[in-house]
Amino acid sequence: DPSMKAGATSEGVLANFFNSLLSKKTGSPG
Amino acid sequence: LCDSLILWLQTFNTAQSCKDVQDLTNGVAMAQVLHEIDAAWFDKPWLNRIKEDVGDNWRIKASNLKKVLQGIMDYYHEFLGQQISEDLLPDLSRISEHSDPVELGRLLQLILGCAVNCEKKQEHIQVIMTLEESVQHVVMAAIQELMSKEIV
Chain A
2 DPSMKAGATS EGVLANFFNS LLSKKTGSPG
Chain B
1027 LCDSLILWLQ TFNTAQSCKD VQDLTNGVAM AQVLHEIDAA WFDKPWLNRI
1077 KEDVGDNWRI KASNLKKVLQ GIMDYYHEFL GQQISEDLLP DLSRISEHSD
1127 PVELGRLLQL ILGCAVNCEK KQEHIQVIMT LEESVQHVVM AAIQELMSKE
1177 IV
């Protein structure tokens, strides 16, 4: 189902982004 | 941006209500959120300088917003080692006099930047990940914009 695939992709994008933020050193610029 | 970041602000435990744009224009709720984000930096003496009994006095609103923005700029400069790009800076007079949601959104975006870079960032990021997906997308875009315009 394309809509389910799109939803899963969107969740994946969000999870990847926020997890990458978590691994960034505290106080350091991007 | 403003609506989504107001929803994010509501996840904080502030004495002042963060229901809508009007609630935020006096600067009190935002100052309380900053205190929750980093109480060592935005400490009690700093928070006590924000006047709570504002009513409709736009001058006091403007003064509070100026203190909030100055506090944020100092945090970016001293703790994050960054200068905030000019095009990310909000027009505070439009917030205090006209309750402009666009300019308020810019100020909230800078507060978001403090939250996702502070010592307790893990806690704040995990809270963001519990928000509705559409809100998370807006928050992600806001953070990406901050990162793309960083001046070290």
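First to last, the protein sequences are chains A and B. Sequential numbering from 2 applies to the first sequence in my numbering. Sequential numbering from 1027 applies to the second sequence in my numbering. The C-beta atom is built at its ideal place from N, Cα and C for all residues, glycine as well.
Coil, strand or helix - residue i by DSSP
i        : result
Q1058(B) : helix
I1151(B) : helix
Q1109(B) : strand
N1039(B) : coil
Under 7 angstroms by beta carbon: chain C residues contacting residue i
i      : result
S11(A) : Checking the listed chains, one finds no chain C in this structure; the protein chains it contains are A and B.
Delimiting residues of the alpha helix (DSSP H) encompassing residue i
i        : result
I1098(B) : 1084-1104
R1120(B) : 1118-1124
R1132(B) : 1127-1141
V1164(B) : 1159-1174
I1076(B) : That residue, I1076(B), is in no alpha helix (DSSP H); it is neither H nor E in DSSP.
L1050(B) : 1047-1050
Distance, residue j Cα to residue i Cα
i        : j        : result
K1175(B) : K1045(B) : 29 angstroms
K1093(B) : E1129(B) : 16 angstroms
A1141(B) : Q1152(B) : 11 angstroms
D1113(B) : L1133(B) : 12 angstroms
R1120(B) : A1055(B) : 18 angstroms
K1087(B) : S11(A)   : 39 angstroms
I1063(B) : N1090(B) : 18 angstroms
P1071(B) : L1172(B) : 28 angstroms
K1106(B) : H1061(B) : A small fix is needed here, since residue 1106(B) is Leu in this sequence, not Lys. Spanning the two alpha carbons is a distance of roughly 17 angstroms.
S21(A)   : D1082(B) : 42 angstroms
L1027(B) : A1065(B) : 25 angstroms
K1146(B) : N1039(B) : 15 angstroms
L1095(B) : Y1101(B) : 10 angstroms
I1169(B) : I1098(B) : 15 angstroms
Residue i Cβ short of 8 angstroms to the ligand COA heavy atom set
i        : result
M1099(B) : The ligand COA is not part of this structure, which contains no ligands at all.
Is it the case that the region 1031-1047 of chain B contacts the region 1155-1165 of chain B, given that we only count it when at least three CB pairs across the two stretches are under 8 angstroms? The region 1155-1165 of chain B vs the region 1031-1047 of chain B: in contact.
Pair every Cβ in the region 10-29 of chain A with every Cβ in the region 1047-1066 of chain B, then say whether three or more of these pairs are closer than 8 angstroms. Touching, no.
Cβ-based contacts, 8 angstroms cut-off: residues of the region 1130-1148 of chain B near chain A: Taking 8 angstroms as the upper bound on Cβ-Cβ separation, chain A lies near residues V1142, N1143, C1144, E1145, K1147, Q1148 of the region 1130-1148 of chain B.
Along the region 1080-1112 of chain B, what residues have a CB closer than 8 angstroms to any CB found in chain A? If the cut-off is 8 angstroms between Cβ atoms, the region 1080-1112 of chain B has F1105, L1106, G1107, Q1108 near chain A.
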